[in-house]
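Here the sequence shown is numbered in the working numbering, starting from 11 and rising by one per residue. Notes for the one structure printed next.
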Amino acid sequence: MKKIIFTITVLLISAFYCSNLYAQEDTTKWEYFKINVTTSDDSLFIKLQEDMGIDPLLPAYTIYVDVRKTDLKNKFIVLGDINDESSMKFAWNRFREEVQKGLLNWKKPNKIKIE
11 MKKIIFTITV LLISAFYCSN LYAQEDTTKW EYFKINVTTS DDSLFIKLQE
61 DMGIDPLLPA YTIYVDVRKT DLKNKFIVLG DINDESSMKF AWNRFREEVQ
111 KGLLNWKKPN KIKIE
């Protein structure tokens with residue numbers, strides 16, 4: 011009896027663990043997120059700063075991307091803390107399509123969903 015209970019317990023734990031592995035959310039569908047950027051992660055983040063007109067380039071920074079609205083003028087990227095009024099805000103359409111797609115399709119763990 012103990013052996014059966016043990017086997018069932020192990021199977022349940024294994025099933026729960028495996029279901030969590032495959033239930034990860036598709037980050038490419040997110041419309042409001044932040045990325046803790048290290049410029050050396052990808053050339054995308056150098057291009058992003060070029061589109062922002064940042065010189066000299068920052069080695070590390072945080073961006074918030076908000077493309078939830080259907081109206082293009084309400085889509086934007088914030089450089090810095092979104093709650094800090096001194097942070098720089100840029101219109102989404104300022105960025106090349108390559109940069110926009112790169113941000114939306116970024117899948118690394120430094121991309122964090124904002125609720």
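Cβ coordinates follow ideal geometry from the N, Cα and C atoms, glycine included. No experiment lies behind these values; they were computed from the predicted model shown.
Distance CB(residue i)-CB(residue j) smaller than 9 Å
| i | j | result |
| --- | --- | --- |
| Ser50 | Pro66 | no |
| Ile87 | Asp76 | yes |
| Tyr134 | Leu89 | Limits of the chain in this structure are 11 at one end and 125 at the other, which puts residue 134 out of reach. |
| Trp102 | Lys85 | yes |
| Asp61 | Gly112 | no |
| Thr38 | Asn115 | yes |
| Glu125 | Tyr42 | yes |
| Tyr74 | Ile92 | yes |
Per DSSP, cross-strand counterpart(s) of residue i
| i | result |
| --- | --- |
| Asp76 | Tyr42 and Phe86 |
| Met98 | Leu89 |
| Ile122 | Lys44 |
Per-residue burial, residue i [other beta carbons within 10 Å of its own, 16 or more giving buried]
| i | result |
| --- | --- |
| Leu82 | exposed |
| Lys99 | exposed |
| Ile139 | Residue 139 lies beyond the range of the chain shown here (11 to 125); nothing can be said about it. |
| Leu31 | With a pLDDT of 45 at Leu31, under the threshold of 50, the predicted position of this residue should be treated as unreliable, though the coordinate-derived value follows. Under this definition Leu31 is an exposed residue. |
| Asn45 | Residue 45 is actually Ile in this sequence, not Asn. The residue in question, Ile45, is buried, as its Cβ has 16 or more Cβ neighbours within 10 Å. |
| Cys28 | Residue placement at Cys28 is poorly supported in this model, since its pLDDT is 47, which falls under 50; the coordinates still yield a value, given next. Cys28 is exposed by the Cβ-count criterion. |
| Pro119 | exposed |
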